[in-house]
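Going down the list, the protein sequences come from chains P and B. Residue numbers are given in my numbering: position 97 of the first sequence equals residue 97, and the series is strictly consecutive. Residue numbers are given in my numbering: position 30 of the second sequence equals residue 1030, and the series is strictly consecutive. Positions of the beta carbon are idealized from the N, C-alpha and C atoms, including for glycine. Here the structure comes first, spelled out in C-alpha cells, and everything after it is commentary.
Protein chains: 2
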Amino acid sequence: MELYQIRHFAAVAETGSFTKAAIRAAVSQPALSASIAKLEEELGVKLFHRSPKSVTLTPAGHRFQMTAQEVLGACNKVKAELRASVADRPLRIGVLCRRPTRR
Amino acid sequence: MELYQIRHFAAVAETGSFTKAAIRAAVSQPALSASIAKLEEELGVKLFHRSPKSVTLTPAGHRFQMTAQEVLGACNKVKAELRASVADRPLRIGVLCRRPTRR
DNA sequence: TAAAAATACTCCATAGGTATTTTAT
DNA sequence: ATAAAATACCTATGGAGTATTTTTA
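The following block contains the structure:
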C-alpha cells in the first residue's frame, strides 16, 4: 500500500467515477484503474462496485474510506507542520544574523 | 512523499543508524540514504543530524516523527480493519455456500 | 448503443542494488 | 584507523501512457 493508491481511492470515492477521478488525480483512466485494482488485490477486498452508470463504495470500501482520510489528513498535517519549521534553517534577517561559515 | 519514505524514516529514528535501519527495512544502506535524502529535499528540512557515531533527530525530525507515527498507525489500522472485512468475499464453508458461477 | 471501466501493449522514471569513496571520531 | 554515511553508476520493476476492447444499464 502506498500513498498514491490512497489518494486515487479518495478521488474515486469523492467523484463516484474512475474517469472523473483520473482527471482530478491528473493521471490516465487506465492508470487509475490499475492503481485501485492493485490496492484491492493487496487488501483482498473489492472497494468499489463498478458499473457504467455508477461507482459506489462496498462495505469494505466505506471502512477503508474512514481510515484513508486519517492517513491523508496526517500527511497534510506533517507538511503543514514542517512548513512552519525553520528551526534548522534559521532565517538570516539583515545584519542581525551573520551568514554561517561554509563547512 | 510516499509511505516507503515514512517507513524508512521511522526505521532510522528507531535504530539511530542508517545501516541498522536498512537491515530492518530490508533494503540496502544506499537505498535508504537516498530515500531519506529525497524526503528531506521535498520537505525542505534536515530530519537527522548524522555522524559516524550517531544519527539523531533534528527539531524538525522530532516534529515529523510524531505525525509520521500517526500516518503509519492509520495504515496499520486500515489493514487490520479490512482483514476482518469478509463482507465482499463471503467464505465458502463446505456445502453451505455454493461456488459462485464464473462471469 | 453509448457511456464508462477493463485489457493489451509499450515506455521510462526511479526505487533499489553493488562497488567505492568520503567523513568524522 | 575504522566504522558508518555519502556518492557513482547500473539495473529492472512497475507506474503511467496510448490504443483498443469489453461491459451493462
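As a quick exercise: from the options, pick the residue whose alpha carbon is nearest that of residue i.
i         : options                                    : result
P:Val55   : P:Met1, P:Ile36, P:Gln5                    : P:Ile36
P:Gly44   : B:Leu1082, B:Ser1033, B:Tyr1004            : B:Leu1082
P:Ala105  : P:Ile6, P:Leu3, P:Ala11                    : Within the shown structure, residues of chain P are numbered from 1 to 103, placing residue 105 of chain P beyond reach of any answer.
P:Ala13   : P:Glu41, P:Ala60, P:Lys77, P:Glu2          : P:Ala60
B:Phe1064 : P:Val78, P:Thr58, P:Met66, P:Phe64         : P:Val78
P:Ser17   : P:Glu2, P:Ser33, P:Leu3                    : P:Ser33
B:Ala1080 : P:Arg7, P:Gln29, P:Phe9, P:Glu42           : P:Glu42
B:Thr1019 : B:Lys1046, B:Leu1057, B:Pro1052, B:His1062 : B:Pro1052
P:Gln5    : P:Ala31, P:Ile23, P:Thr15                  : P:Ala31
By the DSSP assignment, the alpha helix (DSSP H) with residue i in it spans what residues?
i         : result
P:Thr67   : 59-83
B:Val1012 : 1003-1015
B:Ser1051 : Run containing B:Ser1051: none; DSSP gives neither H nor E here.
P:Ala22   : 18-25
P:Lys38   : 29-43
- Message: Assess contact between the region 68-77 of chain P and the region 1063-1073 of chain B, defined as three or more Cβ pairs (one per stretch) separated by less than 8 Å. Is contact present?
- Response: These segments touch.
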